[in-house]
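Position 9 of the sequence shown, counting from 1, maps to 9 under the UniProt record's numbering, and the rest follow consecutively. Some notes on the structure that comes next.
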Amino acid sequence: PGFFIDKMIELAGHKPILGKIYQRMYNLTEHTGYYSRRNWEFKNDNVMNLWQDLTPEDKKLFHFDLRDVDIKEHLLVGKLGIRYYYLKEEMENIPAAIKKNT
1 PGFFIDKMIE LAGHKPILGK IYQRMYNLTE HTGYYSRRNW EFKNDNVMNL WQDLTPEDKK
61 LFHFDLRDVD IKEHLLVGKL GIRYYYLKEE MENIPAAIKK NT
């Protein structure tokens with residue numbers, strides 16, 4: 001669909017843009033589709049048991065309590081990584097783009 005619209009835009013004397021956008025979205029789907037279309041379950045029983053066995057001093061030294069992970073921040077970092085590494089966006093454009101899309 002983007003190809004045909006781009007051809008109409010080109011015939012009207014303007015620069016086509018939809019093909020490039022479509023290609024970027026296709027590439028993103030190719031890179032992330034495997035991970036986004038599956039249900040992932042990770043068992044962390046060993047980590048939880050290890051955390052329970054640590055002394056208070058060790059817990060301060062080796063802090064890895066997963067309950068303290070900020071999920072929103074974790075997802076934001078993932079979104080930044082996708083935009084930078086997969087979509088090849090310039091780092092200075094990413095914060096404005098994320099603000100626009102949230």
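Every residue gets a Cβ at the ideal spot worked out from N, C-alpha and C, and that includes glycine. The model shown is predicted, which means the values in this text are computed figures rather than measured ones.
One Cα belongs to valine 77, the other to histidine 31, and the distance between them is close to 17 Å. Cβ neighbours of lysine 7 within its own chain (closer than 8 Å, five residues either side excluded): Pro16. Across the structure, asparagine 39 and leucine 61 are spaced so that their CA atoms are roughly 33 Å apart. About 5 Å separates the beta carbons of glutamate 89 and arginine 83, which is inside the 8 Å limit, making them a contact pair. By the Cβ criterion, the stretch 62-73 is in contact with the stretch 42-51, since at least three pairs of Cβ atoms, one from each stretch, lie closer than 8 Å.
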